[in-house]
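Peer 1:
Here is the structure:
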């Protein structure tokens with residue numbers, strides 16, 4: 002029995018989470034495990050109703066679960082930043098989810114905007130440091146609102162934070178056992194303090210602890226270039242928070258779009274949170290047309306992290322079958338099936 006906290010969130014979040022839970026229950030029943038869900042009303046509607054984003058008591062409760070399953074955050078009637086910082090970022094920081102894990106994998110039957118590239122070319126993973134960098138919130142204003150205004154946004158990199166992110170990435174490259182190659186994505190020629198630290202730690206840890214892993218380096222601007230031109234060069238990429246945020250959205254596009262991209266906010270020693278990468282898509286709310294495959298993929302990542310690797314592999318294989326043999330497009334309203342029917346197809350192909 003696994004205890005799962007469910008945060009359906011805003012917009013189409015509840016619709017895609019519903020399909021993810023259906024698939025989880027189906028694979029759990031056939032594999033011999035159960036999931037005990039506790040639903041939390043967190044998001045834009047709660048904020049509009051109560052003025053609360055994330056009560057302290059809820060944060061403490063969430064620490065007791067095996068995992069957190071999130072739908073989407075973002076409400077058209079709530080100013081941008083309130084929910085994202087008050088809920089998503091706060092959970093990442095408070096629960097010390099210091100890894101953002103983003104597989105970038107093109108499935109058969111899915112279109113990519115990359116010319117002459119197929120599933121054999123697009124199959125890598127981005128390990129993004131998830132609790133430091135510019136997202137730490139350090140900085141401030143001087144003479145705000147005047148012509149002499151100064152805004153300072155500081156990037157915070159600690160040796161502890163860098164080391165644990167790099168170590169996770171090396172371990173992941175070992176476990177993945179594909180090319181056994183780890184690429185550090187940075188900007189050593191300009192960010193000469195932060196990436197001096199990253200680069201030194203990268204080579205020290207790799208040389209001493211992971212000699213089997215080939216070490217590689219690319220500036221962030223070169224990384225996005227090669228992701229488009231030669232994505233097959235990458236196996237596992239590790240990078241800091243802001244760069245990771247940017248390159249994973251490009252990753253989502255080359256793997257077929259937000260309808261298929263899933264991610265995890267990982268605390269290897271605590272509770273982790275899994276979510277589809279796409280937003281809440283409020284214009285589609287309640288229409289039963291949005292693609293649930295990213296949310297179902299996030300559910301598979303959750304299964305793998307809590308120790309049900311075989312069940313996770315079955316779910317991913319089923320998603321691949323649905324992409325290749327059933328749906329016409331990943332785009333909302335163009336799948337040839339509605340949201341619920343796509344969830345049913347995944348269950349049928351388990």
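Numbering (this note's numbering), first residue to last: 2 to 351. Virtual Cβ for every residue (Gly too), placed ideally from N, Cα, C.
1. Under a three-way DSSP split, which group does residue 289 fall into?
2. Can the beta-carbon of residue 112 be found closer than 8 angstroms to that of residue 297?
3. Over what stretch of residues does the alpha helix (DSSP H) that includes residue 15 continue unbroken?
4. For the structure I just gave you, are there three or more beta carbon pairs, one from the segment 121-138 and one from the segment 201-214, closer than 8 angstroms?
5. If you count every other CB in all the chains shown that lies within 10 Å of the CB of residue 142, and 16 or more means buried, which is it?
6. First and last residue of the beta strand (DSSP E) that includes residue 237?
7. On the three-pair Cβ rule with 8 angstroms, is the segment 26-42 touching the segment 250-269?
8. For the pair the segment 144-157 and the segment 178-187, tell me if three or more CB-CB distances fall below 8 angstroms.
9. If I'm right that residue 89 touches residue 43 with Cβ under 8 angstroms, what's the distance once you round it to whole angstroms?
10. Within a Cβ cutoff of 7 angstroms, which residues of the same chain sit near residue 93, ignoring the five residues on either side of it in sequence?
11. Helix, strand or coil for residue 9? Go by DSSP, reduced to three states.
12. Using the three-state DSSP reduction, which class does residue 261 fall into: helix, strand or coil?
13. Excluding sequence positions up to five away, which residues of its chain have a Cβ less than 6 angstroms from the Cβ of residue 353?
14. Between 248, 268, 212, which has its C-alpha nearest residue 278's C-alpha?
15. Can the beta-carbon of residue 70 be found closer than 8 angstroms to that of residue 302?
16. Give the secondary structure of residue 298 by DSSP, where H, G and I count as helix, E and B as strand, and everything else as coil.
17. Once the 5 residues before and after residue 164 are set aside, which same chain residues still bring their CB inside 6 angstroms of it?
18. Work out the CA separation of residue 338 and residue 83 for me, nearest whole Å.
19. Please classify residue 106: is it buried, with 16 or more other beta-carbons within 10 angstroms of its beta-carbon, or exposed?
20. Three-state secondary structure (DSSP) at residue 328?
21. From this set, 167, 41, 115, which residue's C-alpha is nearest residue 253's C-alpha?
22. Distance check for residue 286 and residue 14, CA to CA, integer angstroms please.
23. Nearest-angstrom Cα distance between residue 228 and residue 187?
24. Check residue 217 in the structure and name its three-state DSSP category.
25. From what residue to what residue does the alpha helix (DSSP H) around residue 98 run?
26. By DSSP, does residue 1 sit in helix, in strand, or in coil?
27. May I have the straight-line CA-CA distance separating residue 59 from residue 208, to the nearest angstrom?
28. Output the residue ranges of the alpha helix (DSSP H) runs that lie fully inside the segment 151-179 and measure 4 residues or longer, sorted by chain position.
29. In terms of residues, what are the limits of the beta strand (DSSP E) holding residue 117?
Peer 2: According to the data block:
1. Here DSSP, grouped into helix, strand and coil, assigns residue 289 to coil.
2. When the beta-carbon positions are compared, residue 112 and residue 297 stay at least 8 angstroms from each other.
3. Per DSSP, residue 15 belongs to the alpha helix (DSSP H) from 14-32.
4. The segment 121-138 vs the segment 201-214: no contact.
5. With fewer than 16 other Cβ atoms within 10 Å, it is exposed.
6. Counting along the chain, the beta strand (DSSP E) containing residue 237 begins and ends at 237-240.
7. Too few Cβ pairs lie closer than 8 angstroms, so no.
8. Contact fails: fewer than three Cβ-Cβ distances are below 8 angstroms.
9. Their Cβ separation, rounded to whole angstroms, is 10 angstroms, which puts residue 89 and residue 43 out of contact at 8 angstroms.
10. Excluding residues up to 5 positions away in sequence, 131, 132, 266 lie with their Cβ nearer than 7 angstroms to the Cβ of residue 93 in the same chain.
11. When secondary structure is reduced to three states using DSSP, residue 9 falls in the strand class.
12. Coil.
13. The structure shown does not extend to residue 353, since the chain spans only 2 to 351, so no value can be given for it.
14. Here the closest residue by C-alpha is 248.
15. With respect to the 8 angstroms criterion, residue 70 and residue 302 are not classified as neighbours on the basis of their beta carbons.
16. In the structure shown, residue 298 sits in a helix (DSSP, three-state: H, G or I).
17. If we look at residue 164 and ignore the five residues flanking it on each side, its Cβ neighbours are 202.
18. Their Cα atoms are separated by approximately 34 angstroms.
19. The residue is buried, with at least 16 neighbouring Cβ atoms inside 10 Å.
20. Residue state, collapsed to three classes: coil.
21. Taking only the C-alpha atoms, the option nearest residue 253 is 115.
22. C-alpha separation (whole angstroms): 9 angstroms.
23. Cα-Cα distance, rounded: 14 angstroms.
24. Strand, per DSSP.
25. Counting along the chain, residue 98 falls outside any alpha helix (DSSP H), and DSSP gives it neither H nor E.
26. This structure leaves residue 1 out entirely; the chain is present only between 2 and 351.
27. Per the coordinates, the alpha-carbon of residue 59 lies some 42 angstroms from the alpha-carbon of residue 208.
28. List check, alpha helix (DSSP H) in window: 160-177.
29. That residue, residue 117, is in no beta strand (DSSP E); it is neither H nor E in DSSP.
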